[in-house]
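Residue numbers (my numbering): 160 to 399.
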């Protein structure tokens, strides 16, 4: 009598197949979930970036900001530009007060903007001397100039630096024992400082006084030429 096959063992492959199908379906679902978005969505996203509105352009004729420029850099540049405008305004006012003639071939006063300061060169010329010969005593003209410089420095809150200079071979001070061009240049700058203060300039606004004798002649000028006899006043705006 023949034996019947075990029904349990005969259906085992069906169970294994069902497990395999289930596993494949689970894998398919996982892959579908983590799959990247369709290309259409990606294109839309890129279009949104590419079509962002451009930066605003100044059409009023003013300066345009550099896109890579930091706000602090822009503010600093604007501040420096305003400072130069203020200095130019003060220099123009000074020229009017001192009645400087730009057409004069040998002016007694030269006013320039240099390194964010006003550089005022006061020549001790024979036709219009700033000091009396061989001394640090101011002439009427020198007194007038310093009075106006003091007025401007107080009005616009400016610091001053004074430099005294002489021409090479100058013999103006030869009559005074142990008193040469070094002493003369220093004394003239010092006397000018005192006179500025007498015209109500606060002492702390004169930050330095120098005497250079004949060691710093004017550029391109023979050191022995009389125009090297001068007082230079550097005027800068005080920090706010």
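All C-beta atoms, glycine included, are put in the ideal place defined by N, C-alpha and C. Values in this document were obtained by computation on a predicted structure and should not be read as measured data.
Within the continuous alpha helix (DSSP H) that includes residue 302, where are the two ends? If you number the chain shown from 1, residue 302 lands on position 143. Taken as a continuous stretch (DSSP letters only), the alpha helix (DSSP H) holding residue 302 covers 299–314.
What are the start and end residues of the beta strand (DSSP E) that includes residue 273? Here residue 273 corresponds to residue number 114 of the chain shown, with the count starting at 1. Residues 268–273.
Note down, in chain order, each residue of its chain lying with its Cβ closer than 6 Å to the Cβ of residue 261, except the 5 sequence neighbours on either side. Taking the chain shown and counting its residues from 1, one reaches residue 261 at position 102. So the list is empty, once near-sequence residues are dropped.
Spatial distance of residue 226 from residue 236 (CA atoms): Translated into positions along the chain shown, residue 226 becomes position 67. Translated into positions along the chain shown, residue 236 becomes position 77. For residue 226, the predicted model reports a pLDDT of 40, less than 50, meaning its position is unreliable; a value from the coordinates is still stated below. For residue 226 and residue 236, the distance between alpha carbons rounds to 15 Å.
Reduced DSSP category for residue 380 - H, G, I as helix; E, B as strand; rest coil: Start at 1 with the first residue of the chain shown, and residue 380 comes out as number 221. Reduced to three states, the DSSP call for residue 380 is coil.
With distances taken between CB atoms, is the gap from residue 295 to residue 360 smaller than 8 Å? In the chain shown, the residue the question calls residue 295 occupies position 136. In the chain shown, the residue the question calls residue 360 occupies position 201. No, the pair does not count as a contact, with Cβ atoms beyond the cut-off.
Taking all protein chains shown into account, do 16 or more other C-beta atoms lie within 10 angstroms of the C-beta of residue 388, making it buried, or fewer, making it exposed? Here residue 388 corresponds to residue number 229 of the chain shown, with the count starting at 1. Residue 388 is buried by the Cβ-count criterion.
Decide yes or no for the touch test of the segment 313–326 against the segment 256–273: beta carbon pairs closer than 8 Å, at least 3 of them. no
Tell me whether residue 398 sits in a helix, a strand or coil according to DSSP, three-state version. Position 239 of the chain shown, counted from the first residue, corresponds to residue 398. Correct three-state label for residue 398: coil.
Excluding the 5 residues flanking residue 376 on each side, which residues of the same chain have their C-beta closer than 6 Å to its C-beta? Here residue 376 is taken as the residue at index 217 of the chain shown, counted from 1. Same-chain partners within the cutoff: 382, 387.
Residues bridged to residue 387 by DSSP? Residue mapping note: residue 387 aligns to position 228 of the chain shown, counting from 1. In the DSSP output, where bridge partners are listed per residue, residue 387 has none listed.
Alpha carbon of residue 209 to alpha carbon of residue 398, nearest angstrom: For the purposes of this step, residue 209 is identified with residue 50 of the chain shown, where counting begins at 1. For the purposes of this step, residue 398 is identified with residue 239 of the chain shown, where counting begins at 1. Residue confidence is low: residue 209 scores 37 on pLDDT, short of 50, so the model does not pin down where it sits. No coordinate-derived value is stated.
Kindly indicate which three-state DSSP category residue 375 falls into: helix, strand or coil? Start at 1 with the first residue of the chain shown, and residue 375 comes out as number 216. In this structure, residue 375 counts as coil in the three-state DSSP scheme.
Classify residue 366: buried if its beta carbon has 16 or more other beta carbons within 10 angstroms, exposed otherwise. By 1-based counting over the chain shown, the position of residue 366 is 207. The residue is exposed, with fewer than 16 neighbouring Cβ atoms inside 10 Å.
Between the Cα of residue 378 and the Cα atoms of 355, 326, 346, which residue gives the shortest distance? Translated into the one-based positions of the chain shown, residue 378 becomes position 219. Closest by alpha carbon: 326.
Could you say which of 312, 340, 324, 314 lies nearest to residue 280 if we only look at CA atoms? Residue numbering aside, residue 280 sits at position 121 when the chain shown is read from its first letter. Taking only the C-alpha atoms, the option nearest residue 280 is 324.
On a Cα-Cα basis, can you pick out the residue from 390, 306, 254, 177 that is closest to residue 356? Numbered from 1 along the chain shown, position 197 holds the residue referred to as residue 356. When only C-alpha atoms are compared, the closest one is 306.
Classify residue 367 as helix, strand or coil using the three-state DSSP reduction. In the chain shown, counting from the first residue as 1, residue 367 sits at position 208. Strand, per DSSP.
What are the boundary residues of the alpha helix (DSSP H) that includes residue 349? Taking the first residue of the chain shown as position 1, residue 349 is located at position 190. Looking at the DSSP string, the run of the alpha helix (DSSP H) that includes residue 349 is 340–357.
Which residue from 363, 371, 183 puts its Cα closest to that of residue 345? In the chain shown, the residue the question calls residue 345 occupies position 186. Answer by Cα proximity: 371.
From residue 266 to residue 283, what distance separates their C-alpha atoms? Numbered from 1 along the chain shown, position 107 holds the residue referred to as residue 266. Numbered from 1 along the chain shown, position 124 holds the residue referred to as residue 283. Their Cα atoms are separated by approximately 10 Å.
Kindly indicate which three-state DSSP category residue 294 falls into: helix, strand or coil? Mapped onto the chain shown, residue 294 falls at position 135. Correct three-state label for residue 294: coil.
Any idea what DSSP makes of residue 283, helix, strand or coil? As a working mapping, residue 283 is identified with position 124 in the chain shown. It is coil, neither helix nor strand.
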